[in-house]
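My numbering numbers the first residue of the sequence shown as 39 and each following residue consecutively. What follows is a set of notes on a single structure, which appears directly below.
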Amino acid sequence: MDLAPKLYRVATRVVIYGVPFLASVASIAPFVFMVLISFQHTFFVSGNPARWIPRQPTIETYLAVLETPNFLRWVFNSLFVASTVTAMVLLIQSMAGYVFAKKEFPGRELLFVLILSGIMIPRAVTVIPAFFIVKDLGLLNSYPGLILPPLAMPLGVFLMRQYMRTLPSELLDASRIDGCSEFGTFWRIVLPLSKPGLAVLGIYTFMEQWRDFLWPLIVAQKDVLKTLPVGLSVFHTEFRTDYGVQMAAVLLSIVPFLIVFLFFQRYFIKGMTVGALKG
């Protein structure tokens with residue numbers, strides 16, 4: 039009996055299922071260790087040998103985070119900045135995407151290419167010019183200084199333009215024939231049909247602003263204006279790092295983003311797969 043075909047099938051299945059399984063374990067392992075560390079004191083984590091699984095779990099690390107001065111203020115700042123930027127990006131980029139997708143005007147393609155070229159410019163290159171502009175406008179240590187620069191998002195224009203190109207033009211023409219204004223067509227027809235695309239852009243924007251560290255670090259020099267990623271640095275000093283408290287703070291910081299993702303998950307998946315079955 040020839041065992042070669044059976045061995046080949048077994049080896050193929052091991053590769054097909056084993057590699058993704060190992061990759062999944064490797065991806066989720068840091069999160070699991072972070073959760074375990076957050077329920078024990080630093081003494082047990084940094085001891086010799088280190089204790090990864092807590093024998094006496096405690097929530098004192100979470101209480102220490104919540105009792106940190108200005109922690110709740112940092113949470114509010116992150117929520118306010120991320121939510122405001124997301125809302126304004128959705129409105130501005132969707133309007134721009136609608137114009138580039140459904141309107142004909144001279145130089146449209148050239149202007150779109152110029153906007154799209156902004157994606158290729160590393161953000162680190164634009165930080166210094168943006169800082170001096172914000173400084174000259176007197177917006178340092180203010181919410182407008184945190185909110186306005188991130189609104190320039192070429193990727194958002196590209197995403198919305200690509201999505202809105204899939205919308206039937208006949209539907210928009212019918213709304214105009216019925217007497218709907220251009221803005222009314224955009225607001226009542228285009229936006230409701232673009233919910234999946236808006237969900238993708240909204241989650242991406244909220245995630246980027248929620249975890250942004252560099253720009254708030256530069257602009258918000260006052261402690262009361264710091265966002266959560268910048269504020270988390272207080273748990274790590276030159277002389278001491280409280281790993282348990284630090285991991286607890288990180289876990290608390292990702293809760294709002296998880297809530298946003300779960301709330302818009304249906305639209306997000308639909309937006310990511312739009313056009314996949316067309317051909």
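In this text, a Cβ means the ideal position worked out from N, Cα and C, and glycines have one as well. The structure displayed is predicted, hence computed values, not measured ones.
{"Query": "Quick check on this structure: which residue in P267, M191, P230 and L152 has the alpha carbon closest to the alpha carbon of L239?", "Result": "M191"}
{"Query": "Counting C-beta neighbours from all protein chains within 10 Å, is the total for V103 16 or more, i.e. buried, or is it exposed?", "Result": "buried"}
{"Query": "How should V151 be labelled, buried or exposed, when 16 other C-beta atoms within 10 angstroms of its C-beta is the threshold for buried?", "Result": "exposed"}
{"Query": "Looking at the unbroken alpha helix (DSSP H) that takes in E208, where does it start and where does it end?", "Result": "S207 to I215"}
{"Query": "Based on Cα-Cα distance, which residue from S207, R161 and T279 lies nearest to V137?", "Result": "S207"}
{"Query": "Mind reading off the beta-carbon distance from K140 to M202? Whole number of angstroms is fine, and I expect it under 8 Å.", "Result": "7 Å"}
{"Query": "Keeping to the same chain, check which residues put their C-beta closer than 6 Å to that of F224; ignore five residues upstream and five downstream.", "Result": "Y136"}
{"Query": "Identify every run of the alpha helix (DSSP H) within the region 58–125, keeping only runs that are complete inside it and at least 4 residues long; order them along the chain.", "Result": "80–83 and 98–104"}
{"Query": "How far does the alpha helix (DSSP H) with W248 in it extend, from its first residue to its last?", "Result": "K233 to W248"}
{"Query": "Say whether chain D places a C-beta atom closer than 9 Å to the C-beta of Q247.", "Result": "Considering every chain present, this structure includes no chain D. It has just one protein chain."}
{"Query": "Do the region 118–127 and the region 237–257 touch if we need at least three Cβ pairs shorter than 8 Å?", "Result": "yes"}
{"Query": "Quick check: the Cα distance between K260 and V57, rounded to an integer number of angstroms?", "Result": "48 Å"}
{"Query": "Is it true that the region 178–192 meets the region 151–162, where meeting means three or more beta-carbon pairs spaced less than 8 Å apart?", "Result": "yes"}
{"Query": "What do you get for I297, buried or exposed, if any count of 16 or more other CB atoms within 10 angstroms of its CB means buried?", "Result": "exposed"}
{"Query": "Quick check on G56: does DSSP put it in helix, strand or coil?", "Result": "helix"}
{"Query": "By the 10 Å Cβ neighbour count, where 16 or more other Cβ atoms means buried, how is A314 classified, buried or exposed?", "Result": "Residue confidence is low: A314 scores 49 on pLDDT, short of 50, so the model does not pin down where it sits. Its coordinate-derived value is still stated next. It counts as exposed."}
{"Query": "Could you check whether I256 and V165 sit closer than 9 Å to each other, using their CB atoms as the reference points?", "Result": "yes"}
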